[in-house]
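Quick mapping for you: the protein sequence lines, in order, are chains A and B.
The opening residue of the first sequence carries number 3 in this note's numbering; numbering runs sequentially from there.
The opening residue of the second sequence carries number 537 in this note's numbering; numbering runs sequentially from there.
Backbone N, C-alpha and C define an ideal beta-carbon position, used for all residues, glycine too.
No experiment lies behind these values; they were computed from the predicted model shown.
A short write-up of the structure that comes next.
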Amino acid sequence: MALTKADMAERLFLDVGLNKREAKEFVDACFEVVREALERGEQVKLSGFGNFDLREKNQRPGRNPKTGEEIPISARRVVTFRPGQKLKVRVEGYAGPRE
Amino acid sequence: MTKSELIEALARRQTHLAFADVELAVKSVVEQMSQALSQGERIEVRGFGSFALHFRPPRMGRNPKTGDSVALPGKHVPHFKPGKELRERVNLRLEEAATG
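Below is the structure:
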């Protein structure tokens with residue numbers, strides 16, 4: 003079981019009172035606005051949850067694991083997530099399976 | 537971009553919704569995500585990414601002030617894996633700069 007956009011929209015319908023179409027569009031728009039900010043190179047900070055940061059990676063040597071052939075991994079920009087203190091504390095307490 | 541800037545951006549976009557509803561809805565989405573993770577549930581958003589918990593096994597740590605050993609229990613930490621679309625879009629400008 004995983005939380006999906008459909009689950010989030012259902013809660014917006016039940017708790018916030020958006021209609022089903024509005025709720026679905028809203029959840030889509032939410033992730034789209036965050037993606038657009040990251041695309042512009044802008045960090046996204048959601049207090050209580052965490053920060054989405056951008057990191058510039060230089061080119062580095064790599065290898066095709068199947069053929070063993072050496073191919074450089076090109077320079078790239080990547081998104082990393084740093085959980086906030088509040089989320090870390092909430093998650094630390096989870097005592098479920100150790101994966 | 538902060539949470540309040542996200543709320544403002546969404547309010548400009550979803551003009552048929554009241555500002556207060558946009559505010560509530562963003563807070564609801566963030567809280568749902570925090571709650572899912574704190575119950576060990578994964579989050580999967582196609583084109584954005586997935587969140588899951590990773591387990592950090594127990595280890596011996598040290599009190600940096602006194603140098604005493606302290607047993608640290610195992611714990612779970614949140615982990616985010618960006619989805620394909622997000623990875624590609626974030627990297628696009630860099631690629632354009634390199635080739636163009």
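Legend: CB atoms of the region 78-99 of chain A lying less than 8 Å from CB atoms of chain B belong to residues Arg-78, Arg-79, Val-80, Val-81, Thr-82, Phe-83, Pro-85, Lys-88, Leu-89, Lys-90, Arg-92, Val-93, Glu-94, Gly-95, Tyr-96, Gly-98 and Pro-99. Between A:Gly-50 and B:Pro-609, the alpha-carbon positions lie close to 24 Å from each other. What B:Pro-614 touches in chain A, judged by beta-carbon distance under 8 Å, is Gly-52, Phe-83, Pro-85, Leu-89, Lys-90 and Val-93, going in chain order.
According to the DSSP assignment, A:Val-80 belongs to the beta strand (DSSP E) that extends over 78-85.
For B:Phe-584, the neighbours in chain A by C-beta distance under 8 Å run, in chain order, Phe-33, Val-36 and Arg-37. DSSP places B:Asn-627 within a helical segment (H, G or I) once states are collapsed to three.
If you draw a straight line from the Cα of A:Asn-53 to the Cα of A:Lys-47, it comes to about 4 Å. A residue is called buried once 16 or more other Cβ atoms fall within 10 Å of its Cβ, and B:Ala-545 is buried on that count. Assigned with DSSP and collapsed to three states, B:Arg-582 falls in coil, not helix or strand. Scanning its chain for C-beta atoms nearer than 7 Å, with the 5 sequence neighbours on each side dropped, one finds around A:Lys-88 the residues Gly-50, in chain order. Rounded to whole angstroms, the Cβ separation of A:Phe-28 and B:Val-581 is 14 Å, and the two are not in contact under 8 Å. Under the 10 Å beta carbon count, B:Ser-540 is surrounded by fewer than 16 other beta carbons and is classified as exposed. By the C-beta density criterion, A:Lys-7 is buried, having at least 16 other C-beta atoms within 10 angstroms. At a Cβ-Cβ threshold of 8 Å, A:Ala-31 and A:Phe-15 do not count as neighbours.
DSSP, reduced to helix, strand and coil, places B:Lys-617 within a strand of the structure shown. When DSSP reads this structure, A:Arg-62 sits in a beta bridge with A:Ile-75.
Within 7 Å of the CB of A:Ala-4, the CB atoms of chain B belong to Glu-577, Arg-578, Ile-579 and Glu-580, in sequence order along the chain.
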